[in-house]
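Let me begin by presenting the structure, written as structure tokens, before commenting on it.
Protein chains in written order, with the working numbering: chain A, 6 to 121; chain F, 6 to 121.
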């Protein structure tokens, strides 16, 4: 058995001002992280889920980024208001939030049409 | 397809001196992280593997901690010298390094015999 049924990694990476790639950490991820923690606790998920800080997940153009393991579901442009859907639909209900998912062809590639 | 065949999270959490729980980040994880990155690159793993910084993984008594997803393999007391085994045996060879694994019954529990 893995330690967590869902292990949620929230990118908090912050680059210096003027850096060529975006920073998830300057786009509200502190609030997002706190919301995920509060809502997971309120939902009674206790020790089965961990909301974890992460460094750069290397999908910066789609940030703020969140990845949920072991299912390897990647969410992009995640705002604090999206925390309720991630907790209720995915972590409680077991159904990933499709509207927030980054398409497979946009992950881990330098040729994604969303990258400038 | 997930973004990475193996996504390796290395805890870098550092607590204030005198804190009751241990800090992975004060036990050589910067060197460990650098070794994992270098050896993964040298092994030609390229974009298929990411060595990622993580905040506290909440298994502090077994640290320095590393977790590899999507397979959810947890390694404890990981030293910089262990990087070669993790890269060669696990990331290249596909076989987790058994001598470094934290036992399932020691994960995510307050009653583990290793916790004081």
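Ideal placement from N, C-alpha and C gives every residue a C-beta, glycine not left out.
Nearest CA to the CA of residue i: which residue from the options?
i	options	result
residue 9 of chain A	F/94, F/81 and F/64	F/64
residue 12 of chain A	F/82, F/117, F/118 and F/113	F/113
residue 108 of chain A	A/55, A/23 and A/82	A/82
residue 95 of chain F	F/41, F/20, F/34 and F/22	F/41
residue 115 of chain A	A/66, A/51 and A/52	A/66
residue 73 of chain A	A/46, A/106 and A/52	A/106
residue 104 of chain A	A/87, A/21 and A/26	A/87
residue 62 of chain F	F/21, F/53, F/118 and F/26	F/26
Residue i versus chain F: which residues are under 7 Å apart at the beta carbon?
i	result
residue 51 of chain A	Result: empty, since nearest Cβ-Cβ is about 10 Å, beyond 7 Å.
residue 112 of chain A	8
Are the beta-carbon atoms belonging to residue i and residue j less than 7 Å from one another?
i	j	result
residue 89 of chain A	residue 80 of chain A	no
residue 17 of chain F	residue 30 of chain F	yes
residue 44 of chain F	residue 102 of chain F	no
residue 32 of chain A	residue 69 of chain A	yes
residue 48 of chain A	residue 97 of chain A	yes
residue 60 of chain A	residue 57 of chain F	yes
residue 75 of chain A	residue 77 of chain F	yes
residue 28 of chain F	residue 34 of chain F	no
Which residues of chain A have a Cβ atom closer than 8 Å to the Cβ of residue i, listed in chain order?
i	result
residue 43 of chain F	Chain A residues near residue 43 of chain F: none, gap ~17 Å exceeds 8 Å.
Find the residues of chain F that neighbour residue i, judging by a C-beta separation of less than 9 Å, and give them in chain order.
i	result
residue 59 of chain A	14, 57, 58, 59 and 60
* Closer than 8 Å, Cβ to any Cβ of chain A: which residues of the region 62-86 of chain F, in chain order? -> Taking 8 Å as the Cβ-Cβ cut-off against chain A, the residues of the region 62-86 of chain F that qualify are 62, 63, 64, 72, 74, 75, 76, 77 and 79.
* **Within the region 83-109 of chain A, ranges of the alpha helix (DSSP H) (whole runs, at least 4 residues)** => Restricting attention to alpha helix (DSSP H) runs no shorter than 4 residues, the region 83-109 of chain A encloses none.
* To do: Ignoring anything shorter than 4 residues or poking outside the region 12-42 of chain F, list the alpha helix (DSSP H) runs there in chain order.
  => DSSP runs (the alpha helix (DSSP H)) wholly in the region 12-42 of chain F: none.
* **Every unbroken beta strand (DSSP E) inside the region 43-81 of chain F [3 residues or more]** => For the region 43-81 of chain F, the full-length beta strand (DSSP E) segments reaching 3 residues or more read 54-59, 71-74 and 78-80 along the chain.
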